[in-house]
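S.K.: For the sequence shown, our numbering gives the first residue as -6, with consecutive numbering after it. Ideal placement from N, C-alpha and C gives every residue a C-beta, glycine not left out.
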Amino acid sequence: MVYYRDLPSYLIETFGEKLYKLSFDGGFSCPNRDGAIGTRGCIFCAGGSGDFAEPVRPAAQTQEAYEAALNAAVERAKRRVAKKSSCERYIFYFQSFTGTYGDINKLRLLYTAAVSHPVCAVLSVATRPDCLPEEVLSLLSELNRVKPVWIELGLQTLKEETAAYIRRGYPLSIFEDAMARLKTAGIPVIVHQILGLPGESKEDMMETSRYIGKSGASGIKLQLLHVLSGTDLATDYENGLFKTLSLEQYIDILSACVSVLPDDMVIHRLTGDGSKDKLLAPLWSADKKRVLGAIQQVLLPKRPAGKV
Ligand code: SF4
């Protein structure tokens, strides 16, 4: 059995309640899609991971308009999670595309509206390490003094060969530079890793987890590689260029990766939330109940006192 530092315990300990996440789409693009770095995006990306994100579309470039648009999105997002959540405050998660890629004035209006919202406990922004210029970092530090701000970075792999195959679009040195600057700014970082990328062995994936564990990140999201229709990854899959993991392989690799992380690293995700409509493989991953049941056979949350 492998024990891990789970997110719900961390949230209860830190915020006094198990905060749920409200996911938003701030209307961003991505430099890996708009031509600044690339036009086809990461090989697995079917549209910026924003399938369940509520759009925030202000009618004008004013603080009032951003607040009104966000209020409406918050109400819609709350209805989405109403069945499973009874909490009064939430993590505002700007999930779609690259959440710091845009005009600084727009970022300021949007994220000021977020941290000012009464039910926002944490502002969490998913972005790329090459989209964190100094003016953005300084805005994030400012906001972090109002409400906690988290940054999520999709590293996915340590292996440069795999990074080139998936068209991540930046070298490791850019990630390391962003981590150092975020640390100086006092902003916690959650790093994403994908398990099951083509050409990677179990040891490669453990090496990535070890690296993330030492990178200064406070949390990690571990996610199974999903092959989604319409992506270039789907073409390679259909041409037989690689195989996806079985549930048994995934659990084995997942527990090995978790076992090399520091004890205090918070694990934000052990599976993945892909769109079922677009999922081509592995199909077993759509049965969330079965997957969670299998994970619980080998991985257990370690409660705050260090005891189960
Ligand atoms: S950085 Fe994110 S949004 Fe951009 S192409 Fe890659 S996965 Fe998609």
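1. Using 10 angstroms around the beta-carbon of residue 214, count the other beta-carbons present and answer buried if the total reaches 16, otherwise exposed.
2. Do residue 49 and residue 306 have their beta-carbon atoms positioned less than 8 angstroms apart in this structure?
3. What residues in its chain sit with their C-beta under 6 angstroms from that of residue 1, if we drop five residues either side in the sequence?
4. For residue 87, which residues of its own chain have a beta-carbon under 6 angstroms away from its beta-carbon, when the five flanking residues on both sides are left out?
5. Using a 10 Å radius around the Cβ and a threshold of 16 neighbouring Cβ atoms, would you call residue 112 buried or exposed?
6. Contact defined as beta carbons within less than 8 angstroms: I believe residue 263 pairs with residue 246. What is the distance between those atoms, to the nearest angstrom?
7. How long is the line joining the alpha carbons of residue 52 and residue 27, rounded to whole angstroms?
8. On the DSSP bridge list, what partners appear for residue 183?
9. Sorry if obvious, but does the Cβ on residue 121 come closer than 7 angstroms to a heavy atom of the ligand SF4?
10. Are the beta-carbon atoms belonging to residue 129 and residue 177 less than 8 angstroms from one another?
11. Under 7 angstroms: does the beta carbon of residue 38 sit that close to some heavy atom of the ligand SF4?
12. Rounded to whole angstroms, what is the Cα-Cα separation between residue 302 and residue 133?
13. Exposed or buried, which one is residue 276 when buried takes at least 16 other CB atoms within 10 Å?
14. Tell whether a beta-carbon distance below 8 angstroms holds between residue 207 and residue -3.
15. Check each candidate in 201, 103, 216, 274 and name the one with the smallest Cα separation from residue 253.
16. In terms of alpha-carbon separation, which member of 100, 35, 15 lies closest to residue 65?
17. For residue 226 and residue 24, I'd like the C-alpha separation in whole angstroms.
18. Restricting to Cα atoms, I'd like to know which of 124, 80, 179, 61 is closest to residue 146.
19. Between residue 25 and the ligand SF4, is there a pair consisting of the residue's CB and a ligand heavy atom that are separated by less than 7 angstroms?
20. Which runs of the alpha helix (DSSP H) spanning at least 4 residues fall entirely within the stretch -1 to 24, listed in chain order?
21. I'd like the list of long-range same chain contacts for residue 35, defined as Cβ closer than 7 angstroms, with 5 residues on each side in sequence excluded.
22. What do you get for residue 228, buried or exposed, if any count of 16 or more other CB atoms within 10 angstroms of its CB means buried?
23. What span of residues does the alpha helix (DSSP H) with residue 150 cover, start to end?
24. Are the stretch 190 to 204 and the stretch 167 to 176 touching, with three or more C-beta to C-beta distances below 8 angstroms?
25. Please determine, among 108, 37, 185, the residue with the shortest C-alpha to C-alpha distance to residue 151.
26. Can you give me the C-alpha to C-alpha distance between residue 56 and residue 96, rounded to a whole angstrom?
27. Would you decide whether residue 122 is buried or exposed? Buried here means 16 or more other CB atoms lie within 10 Å of its CB.
28. If residue 39 sits next to residue 223, beta carbons under 8 angstroms apart, how far is it from one beta carbon to the other, in whole angstroms?
29. Any heavy atom of the ligand SF4 inside 7 angstroms of the beta-carbon of residue 8?
M.R.: Once the coordinates are examined:
1. Residue 214 sits at position 221 when you count from the first residue of the sequence shown. The residue is buried, with at least 16 neighbouring Cβ atoms inside 10 Å.
2. Residue 306 is absent from the structure shown; the chain starts at -6 and stops at 301.
3. The residue given as residue 1 occupies position 8 in the sequence shown. Excluding residues within five positions, the ones whose Cβ falls inside 6 angstroms are 11.
4. Residue mapping note: residue 87 aligns to position 94 of the sequence shown, counting from 1. Excluding residues within five positions, the ones whose Cβ falls inside 6 angstroms are 17, 19, 118.
5. Position 119 of the sequence shown, counted from the start, is the residue given in the question as residue 112. Burial call: exposed.
6. Working through the sequence shown from its first residue, we reach residue 263 at position 270. Working through the sequence shown from its first residue, we reach residue 246 at position 253. With 8 angstroms as the limit, residue 263 and residue 246 do not qualify as a contact, their Cβ atoms being about 12 angstroms apart.
7. Along the sequence shown, one-based indexing puts residue 52 at 59. Along the sequence shown, one-based indexing puts residue 27 at 34. Near 24 angstroms, if we compare the C-alpha coordinates of residue 27 and residue 52.
8. The residue given as residue 183 occupies position 190 in the sequence shown. Partner(s): 145, 212.
9. In the sequence shown, counting from the first residue as 1, residue 121 sits at position 128. Residue 121: yes, Cβ under 7 angstroms from the ligand SF4.
10. Reading the sequence shown from its first residue, position 136 is the one you call residue 129. Reading the sequence shown from its first residue, position 184 is the one you call residue 177. Contact: no.
11. In the sequence shown, the residue the question calls residue 38 occupies position 45. Yes; taking the cut-off as 7 angstroms, the Cβ of residue 38 has a heavy atom of the ligand SF4 nearer than that.
12. Examination of residue 302 is not possible in this model, given that the chain is present from -6 through 301 alone.
13. Counted from its first residue, the sequence shown places residue 276 at position 283. The residue is exposed, with fewer than 16 neighbouring Cβ atoms inside 10 Å.
14. As a first step, residue 207 must be located in the sequence shown, where it is residue number 214. As a first step, residue -3 must be located in the sequence shown, where it is residue number 4. Their beta carbons are not under 8 angstroms apart, which means residue 207 does not touch residue -3 by this criterion.
15. The count along the sequence shown starts at 1 and reaches residue 253 at position 260. Its Cα nearest to that of residue 253, the residue 201 stands out among 201, 103, 216, 274.
16. Here the question's residue 65 lines up with position 72 in the sequence shown. Per the Cα distances, 15.
17. Here residue 226 refers to the residue found at position 233 of the sequence shown. Here residue 24 refers to the residue found at position 31 of the sequence shown. Answer to the nearest angstrom: the Cα atoms are 19 angstroms apart.
18. Here residue 146 corresponds to residue number 153 of the sequence shown, with the count starting at 1. Closest by alpha carbon: 124.
19. Stepping through the sequence shown from its first residue, residue 25 is reached at position 32. Answer for residue 25: yes, Cβ within range of the ligand SF4.
20. 0 to 8
21. Position 42 of the sequence shown holds residue 35. So the list reads 25, 159, 160, 161, once near-sequence residues are dropped.
22. Counting from one through the sequence shown, the residue named residue 228 turns up at place 235. Exposed, by the Cβ-count rule.
23. In the sequence shown, residue 150 corresponds to position 157, counting from 1. Segment: none, residue 150 is in no alpha helix (DSSP H) and carries neither H nor E.
24. No: fewer than three Cβ pairs fall under 8 angstroms.
25. In the sequence shown, counting from the first residue as 1, residue 151 sits at position 158. Considering only 108, 37, 185, the residue with the shortest C-alpha distance to residue 151 is 185.
26. Translated into the one-based positions of the sequence shown, residue 56 becomes position 63. Translated into the one-based positions of the sequence shown, residue 96 becomes position 103. Rounded to the nearest angstrom, the two C-alpha atoms are 15 angstroms apart.
27. As a first step, residue 122 is located in the sequence shown; it is residue number 129 there, counting from the start. It counts as buried.
28. Within the sequence shown, the letter at position 46 stands for residue 39. Within the sequence shown, the letter at position 230 stands for residue 223. Rounded, the Cβ-Cβ distance is 6 angstroms, consistent with contact.
29. To locate residue 8, count along the sequence shown from 1; it is residue 15. It does not: the Cβ of residue 8 is nowhere closer than 7 angstroms to a heavy atom of the ligand SF4.
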